[in-house]
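Chemist: Just so you know, we're using my numbering here: the sequence shown kicks off at 391 and counts up by one. Note that CB positions come from ideal geometry on N, CA and C, so glycine has one too.
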Amino acid sequence: MRRTALLLVLIASTQVISQTRVRPSTPLRPEPGETVSGTVSSVSGPLVRLADGLVTIDTTNANIAGEIVPGVLLFAVIDASVVAPDLPLRASFVGVTRTTQVTLTGPVTAVDPANSSLTLLGRTIRIDPSIHLIPGQLVSVEANASANGLLAAKVNVLKETPVNQIHLTGLVKSIEPTMWTVGGPPGSLAPDHLIRVTEETKIVGDPKVDDRVEIVAVVNEHGPITAISITKLNS
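#1: Rounded to a whole number of angstroms, what is the C-alpha to C-alpha distance between residue 539 and residue 515?
#2: Please classify residue 599: is it buried, with 16 or more other beta-carbons within 10 angstroms of its beta-carbon, or exposed?
#3: Under 8 angstroms: do the region 520 to 527 and the region 562 to 572 share three or more Cβ pairs, one atom per stretch?
#4: Determine the burial state of residue 510: buried for a count of at least 16 other Cβ atoms within 10 Å of its Cβ, exposed for fewer.
#5: With H, G and I counted as helix, E and B as strand and the rest as coil, what does DSSP make of residue 461?
#6: For the 8 angstroms Cβ check, are there 3 or more pairs between the region 485 to 497 and the region 565 to 573?
#7: Using 8 angstroms as the threshold, is the C-beta distance between residue 445 and residue 430 below it?
#8: Output the distance between the C-alpha atoms of residue 554 and residue 543, rounded to the nearest integer angstrom.
#9: Determine whether the beta carbon atoms of residue 484 and residue 462 lie at a separation below 8 angstroms.
#10: Hey, how far is the Cα of residue 419 from the Cα of residue 533?
#11: Could you check the C-alpha separation between residue 476 and residue 537 for me, to the nearest Å?
#12: By how many angstroms is the C-alpha of residue 602 removed from the C-alpha of residue 616?
#13: Identify which residue in 436, 468, 502, 442 has its Cα closest to the Cα of residue 457.
#14: Mark residue 438 as exposed unless 16 or more other C-beta atoms lie within 10 angstroms of its C-beta, in which case mark it buried.
#15: Excluding sequence positions up to five away, which residues of its chain have a Cβ less than 8 angstroms from the Cβ of residue 478?
#16: Considering only their Cβ atoms, is the gap separating residue 474 from residue 424 smaller than 8 angstroms?
#17: Nearest by alpha-carbon distance to residue 482: which of 450, 497, 440, 488 is it?
#18: Could you pull the start and end residues of the beta strand (DSSP E) that residue 501 belongs to?
#19: For the beta strand (DSSP E) containing residue 441, list its first residue and its last residue.
#20: On a CA-only basis, which of 520, 497, 512 is nearest residue 505? Give me that one, please.
#21: Mapping DSSP to helix, strand and coil, what is residue 554?
Laid out in structure tokens, this is it:
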């Protein structure tokens, strides 16, 4: 009896395995994955050229996210049903990401509101007049080259100014290896300040005695004011 039952189980299992093996498999449908990405070289109406025109995207019927201009990074989903060597690639969707030529990160050493610019790492960068910064703030600036130098595309403040940090402007009265005297012009009532200079103090523009300077400094509870940066200003 046991042998008969075991035989029946083996026969049934063999039939199931046989049916499984001979069942035709359904072919996988190819997922749409035809895409193109790259930096835009030029734009002419709906035609967008990449790689100096070696690849052209037709955006006539595409859903577009962002503004397509030369220099931006483009991602396009392509309609592969119409592909030929001499025809532009037809896009169904185009996404755009703006990129900048350079990013500088560090403390702001000077701000010029009159010219809407800041000084960062010794470089003058023009900013939007609506951006308000003060020396000493830690910032990251994304910028591009322009006819008038670097132009900020985005300014991120990474760290606010410490509460004990001050901003001074005045004339250099004397310079010693570790101590400068800065005050008002002759005849003014502005007091003179002793400014401690350390190896970490950033000195920009090689200021001399009688030069007008901008100083970012930290007020210590005990001891003189310690300079973070000293920047020579244009007369």
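Modeler: Checking against the coordinates, here is how it stands:
#1: Near 7 angstroms, if we compare the C-alpha coordinates of residue 515 and residue 539.
#2: Exposed, because fewer than 16 other Cβ atoms sit within 10 Å of the Cβ of residue 599.
#3: No, the region 520 to 527 does not touch the region 562 to 572.
#4: By the 16-neighbour rule on beta-carbons within 10 angstroms, residue 510 is buried.
#5: Three-state result, residue 461: coil.
#6: No, the region 485 to 497 is not in contact with the region 565 to 573.
#7: No, Cβ-Cβ distance for residue 445 and residue 430 is not below 8 angstroms.
#8: Between the alpha carbons of residue 554 and residue 543 lies a distance of about 30 angstroms.
#9: Taking 8 angstroms as the Cβ cut-off, residue 484 and residue 462 do not qualify as a contacting pair.
#10: Confidence at residue 419 is low in this model, with a pLDDT of 34, below 50, so the placement of that residue should be treated as unreliable; the coordinate-derived value is given next. Approximately 45 angstroms between the Cα atoms of the pair.
#11: Their Cα atoms are separated by approximately 37 angstroms.
#12: Those two C-alpha atoms are separated by around 18 angstroms.
#13: Comparing Cα-Cα distances from residue 457 to each of 436, 468, 502, 442, the minimum goes to 436.
#14: A buried status is given to residue 438, since no fewer than 16 other beta-carbon atoms sit within 10 Å of its beta-carbon.
#15: Excluding positions up to five away in sequence, the list reads 437, 446, 447, 448.
#16: Annotated as distal: residue 424 and residue 474, with beta-carbon spacing of 8 angstroms or more.
#17: For residue 482, the closest of 450, 497, 440, 488 by C-alpha to C-alpha distance is 450.
#18: In the DSSP annotation of this structure, the continuous segment of the beta strand (DSSP E) that includes residue 501 starts and ends at 492 to 502.
#19: Taken as a continuous stretch (DSSP letters only), residue 441 belongs to no beta strand (DSSP E), as it is neither H nor E.
#20: Just measuring C-alpha positions, the residue of 520, 497, 512 sitting nearest residue 505 is 520.
#21: The DSSP-derived three-state label of residue 554 is coil.
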